[in-house]
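So the sequences go chain by chain: Y and W. Mapping to the working numbering: the first sequence position 207 is 262, numbers consecutive. Mapping to the working numbering: the second sequence position 186 is 241, numbers consecutive. Quick reminder that beta carbons are idealized off the backbone N, C-alpha and C, glycines included. Values in this document were obtained by computation on a predicted structure and should not be read as measured data. This report refers to the structure that appears directly beneath it.
There are 2 protein chains.
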Amino acid sequence: MDIPARTSVLQRVPFFGGLEEDQLATVAREAHERPLKKDETLFQQGEEATHGYVLGWGRLRLDQTTPDGQNVVLRYMGPGDLVGTVAVLRRIPFPATPVALEDGLALSWSAPRLAELMERFPKIALNAIGVIGGRIEELQARLQAIATQRVERRIASTLLRLANQSGRRTEAGVEIPFPVSRQDLAEMTATTLHTVSRTLSAWDQQGIVESRRSSHLVIRHPHRLVEIAEQG
Amino acid sequence: MDIPARTSVLQRVPFFGGLEEDQLATVAREAHERPLKKDETLFQQGEEATHGYVLGWGRLRLDQTTPDGQNVVLRYMGPGDLVGTVAVLRRIPFPATPVALEDGLALSWSAPRLAELMERFPKIALNAIGVIGGRIEELQARLQAIATQRVERRIASTLLRLANQSGRRTEAGVEIPFPVSRQDLAEMTATTLHTVSRTLSAWDQQGIVESRRSSHLVIRHPHRLVEIAEQG
DNA sequence: CGTTTCTTTGAGGATATTCAATTTATGTGG
DNA sequence: CCACATAAATTGAATATCCTCAAAGAAACG
């Protein structure tokens with residue numbers, strides 16, 4: 056990918072918002088490219104955070120593994136998202152593992168280079184606060200949901216969130232354009248794949264969603280899910 | 056409180072770490088003082104975030120209320136902690152309500168003044184990233200705990216976290232130096248006050264903790280709690 | 001000293017998990 | 001392209017954890 060191509064990718068990244076064209080070009084020039092194949096990991100939880108990443112295209116699932124081997128899905132990420140950058144700036148090991156859900160491309164900068172960029176373009180630091188702040192909000196919302204809502208409601212909210220973040224409108228309804236297994240949903244909503252399966256089966260029979268294994272998940276009647284999500 | 060006094064308070068605030076004495080004095084000069092009485096709120100969830108705060112002394116509990124009136128304790132805060140600052144910088148309404156657990160004092164800066172300070176002293180923006188990053192880590196840890204652990208384990212972890220953050224070593228054990236009700240613990244661990252009560256009763260009988268109503272909570276045998284927290 | 005608030009404790013029950021078995025899809029090698 | 005192997009999903013039954021409901025006891029407050 057040449058510099059102008061990279062630059063146009065970076066234009067859509069909130070982290071670099073407000074930078075001039077030539078500044079973006081500078082940033083783009085100093086990036087390394089990291090192609091991603093499906094199921095590949097960008098880095099491993101626990102590794103030293105030597106580089107920060109921006110996802111150019113593709114999709115990632117951010118997994119966190121507990122000491123006893125259980126898994127929690129922290130979030131899904133798409134083009135323009137920061138990956139691992141907080142860990143770099145805080146100089147701590149990566150707290151989670153990003154797994155590619157499809158082929159993609161990440162741009163990376165080394166830790167010192169990132170620090171230097173933020174110093175040179177203070178706007179970046181302010182943007183970082185905004186981005187990270189948004190992450191906090193999302194985490195607090197999930198915490199609240201797990202703490203106060205029943206499983207069915209949490210699953211509904213999660214599907215709606217995925218749909219809002221990355222859904223594509225089709226004739227059949229809103230489609231979630233990447234594979235989401237029962238296990239994934241279970242790890243997002245703090246339940247078991249069995250409960251997710253039962254819930255989706257029920258919704259499938261009621262015509263609210265369509266969830267065959269091969270195809271992507273389709274929400275046929277979002278408003279029905281909203282009802283479930285808002286009052287269980 | 057005069058400027059030197061304020062300055063010495065700010066010296067212990069990570070958000071202002073790395074600033075020179077005279078720079079800190081500048082920051083201190085532009086602060087407003089906000090005394091806090093027990094049970095008073097610093098601001099209300101949902102209000103416009105016109106000011107960011109630093110807690111000079113005292114303790115706060117940060118509460119988040121759901122649309123249907125349930126409450127979640129997001130965290131406890133002590134001297135040096137940032138309160139509401141993320142919301143100010145992101146220009147969103149305060150997402151939670153900080154309640155004073157004891158008399159205290161907060162210093163505040165208006166939104167434009169904060170922005171100006173960060174521009175003048177870029178170090179502050181970098182510090183902010185560090186502080187907020189730490190908040191993310193904490194939230195992710197709690198999310199993982201609620202998602203994967205049983206109640207007893209979560210209560211144990213929570214007590215240990217409180218002890219680590221603010222515990223005082225006494226002859227009887229480690230004391231948590233502010234009031235924590237069963238309800239509070241329930242809202243921190245995503246359970247009911249009944250379950251917390253039963254659990255603490257059991258631990259009290261086993262001599263692991265001491266938890267009369269009047270006195271502060273005392274952990275007599277932290278290692279026993281660690282055992283429970285690590286493997287339930 | 002009465003009132004209010006917080007805590008304890010019991011009994012019953014609901015939600016969701018665990019365990020187990022089957023069905024359905026996906027992928028692979030012949 | 002089919003047959004087999006593997007992985008994902010479904011579904012049932014039994015159980016556990018934790019919640020809800022209820023009532024009484026203990027501490028704090030004025």
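| Asked | Found |
| --- | --- |
| Valine 235(Y) in three-state terms, based on DSSP | coil |
| The beta strand (DSSP E) enclosing methionine 132(Y), as first and last residue numbers | 126-132 |
| Neighbourhood of glutamine 99(Y) by C-beta distance below 8 Å, restricted to the same chain and skipping five residues each side | Phe149, Thr152 |
| For lysine 93(Y) and glycine 222(W), the rounded distance between their alpha carbons | 47 Å |
| Residues that threonine 250(Y) contacts on chain W, provided the C-beta gap is smaller than 8 Å | Within chain W, no residue comes near threonine 250(Y); the closest Cβ sits about 13 Å away, beyond 8 Å. |
| First and last residue of the uninterrupted beta strand (DSSP E) at threonine 254(W) | Threonine 254(W) -> not in any beta strand (DSSP E); alpha helix (DSSP H) instead, spanning 248-260. |
| Top-ranked residue by Cα proximity to leucine 172(Y), from Pro277(Y), Leu79(Y), Arg67(Y) | Leu79(Y) |
| Per-residue burial, aspartate 239(W) [other beta carbons within 10 Å of its own, 16 or more giving buried] | buried |
| Contact check, alanine 83(Y) vs arginine 61(Y), beta carbons under 8 Å | yes |
| Cβ neighbour criterion (16 or more within 10 Å) applied to proline 277(Y) | buried |
| Proximal chain Y residues relative to threonine 247(W), where beta-carbon distance stays under 9 Å | What threonine 247(W) touches in chain Y: nothing, since even the nearest Cβ is about 11 Å away. |
| Tryptophan 135(Y) versus valine 109(Y) - alpha carbon distance | As written in the sequence, residue 135(Y) is glycine, which differs from the tryptophan given in the question. When rounded, the distance between both Cα atoms is 6 Å. |
| The beta strand (DSSP E) enclosing leucine 172(W), as first and last residue numbers | First-last for leucine 172(W): 166-175, but that is the alpha helix (DSSP H), not the beta strand (DSSP E). |
| At least 3 beta-carbon pairs within less than 8 Å: the segment 228-237 of chain Y vs the segment 186-200 of chain Y | no |
| C-beta atoms of glycine 159(W) and proline 69(W) nearer than 8 Å | no |
| For serine 163(W): DSSP bridge partner residues | His87(W), Tyr108(W) |
| Pick from Ala245(W), Met56(W), Val206(W) that is closest to glutamate 89(W), judged by C-alpha positions | Sequence inspection shows arginine at residue 89(W); the glutamate mentioned does not correspond to that position. Comparing Cα positions, the closest option is Met56(W). |
| Cutoff 6 Å; reference glutamate 76(W); Cβ partners in own chain excluding five residues on either side | none |
| Contact check, valine 143(Y) vs histidine 87(Y), beta carbons under 8 Å | no |
| Pairwise C-alpha distance: leucine 280(Y) and threonine 247(Y) | 20 Å |
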